[in-house]
Amino acid sequence: RKEVEQDPGPFNVPEGATVAFNCTYSNSASQSFFWYRQDCRKEPKLLMSVYSSGNEDGRFTAQLNRASQYISLLIRDSKLSDSATYLCVVNQKNYGQNFVFGPGTRLSVLP
Amino acid sequence: NAGVTQTPKFQVLKTGQSMTLQCAQDMNHNSMYWYRQDPGMGLRLIYYSASEGTTDKGEVPNGYNVSRLNKREFSLRLESAAPSQTSVYFCANTTGTAKNIQYFGAGTRLSVL
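What follows is the structure, encoded as structure tokens:
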């Protein structure tokens, strides 16, 4: 079993749609959780950290369920510019030498 | 303020050739990383360095060596390139705080023929 698994995708959605991505991780000792965004042929960039209480940043909402070892990302009112690959990232140590990346889920927002 | 800078951006090698990928940061972060990214597999850690002068193996270290001679630079060397090392290579650093945000360079696209 992979350490971090994500929806295989791709997701093709119309502008304005709401889309949700799921991620599961296998190591219960994981400490920190993140969603990164990667545009085609570019480097990954932090989208948002994920906190136990859940957190929101504009149209983006992240949730963490430690008991189920599950992370989610919700994008509301999708824009064309949201088209990218979304990477779920888990850090197994607080002062992080062990970031584990999921394979990513590709999103295409269509006009 | 460039953040994390990688050179070269593109490289084509023949099997058996050697080369060094360079990475430099101007963020004064202690930890630096080298990853490779292959289709469908996500980023995989090759080596990391928690501080100047220290390095540790990651998930896929075979065929690579690294050097962290100072805080700013972390280089990755392929001594004898193989076609299996065709990939996109990313260097990254991290804040080292509890937030552990990683900042990535723009990547090096390497093809080994």
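Chains A and B, in that order, are what the protein sequence lines are.
Heads up, the first sequence is in the working numbering, so the first residue is 2 and it goes up one at a time.
Heads up, the second sequence is in the working numbering, so the first residue is -19 and it goes up one at a time.
Beta carbons are placed, not taken as given, at the ideal position from N, Cα and C, and that holds for glycine.
Nothing here was measured: the structure is a model prediction, and the numbers come from that model.
Excluding the 5 residues preceding and the 5 following Phe70 of chain B in the sequence, name in chain order all residues of the same chain whose CB lies nearer than 7 Å to its CB.
Excluding sequence neighbours, Phe70 of chain B sits near Tyr15, Gln17, Leu23, Phe84, Gly85 and Gly87.
Do Phe34 of chain A and Ile72 of chain A have their C-beta atoms within less than 8 Å of each other?
Against a cut-off of 8 Å, the Cβ pair of Ile72 of chain A and Phe34 of chain A comes out as a contact.
When you compare only the Cα positions, how much space is there between Gly55 of chain A and Ala85 of chain A?
Distance between the alpha carbons of Gly55 of chain A and Ala85 of chain A is about 22 Å.
What does the alpha-carbon distance come out to for the pair Glu16 of chain A and Ser53 of chain A?
Each residue's Cα considered, the two are about 30 Å apart.
Is the shortest distance between the beta-carbon of Ser84 of chain A and the beta-carbons of chain B less than 8 Å?
False, the Cβ-Cβ gap to chain B never drops below 8 Å.
Does the distance from the C-beta atom of Leu(-1) of chain B to that of Phe54 of chain B stay below 8 Å?
According to the sequence provided, residue -1 of chain B is Met. The question's Leu does not apply to it. In this structure, Phe54 of chain B does not lie closer than 8 Å to Met(-1) of chain B by Cβ.
Ordered along the chain, which non-local residues of its own chain (more than five positions away) have a Cβ less than 7 Å from that of Ala(-18) of chain B?
Here the set comprises Asp6.
Among all the DSSP beta bridges, which residues are the ones paired with Thr35 of chain B?
DSSP output for Thr35 of chain B lists no bridge partner at all.
Since Gly38 of chain B contacts Leu25 of chain B with CB under 8 Å, what's their CB separation in whole angstroms?
That pair is a contact at about 3 Å.
What residue ranges within the stretch -15 to 21 of chain B form continuous beta strand (DSSP E) runs of no fewer than 3 residues, ordered along the chain?
If we require 3 residues or more, the beta strand (DSSP E) runs fully inside the stretch -15 to 21 of chain B come out as -10 to -7, -1 to 5 and 11 to 18.
Using only the alpha-carbon positions, how far apart do Leu74 of chain A and Pro19 of chain B sit?
The straight-line gap from Cα to Cα measures roughly 22 Å.
Nearest by alpha-carbon distance to Ala21 of chain A: which of A:Ala68, A:Arg77 and A:Phe102 is it?
The residue with the shortest Cα to Cα distance from Ala21 of chain A is A:Arg77.
From the DSSP output, in three-state form, read off Tyr96 of chain A for me.
With a pLDDT of only 49 at Tyr96 of chain A, under the threshold of 50, the placement of this residue in the model should not be trusted; the figure read from the coordinates follows. Coil.
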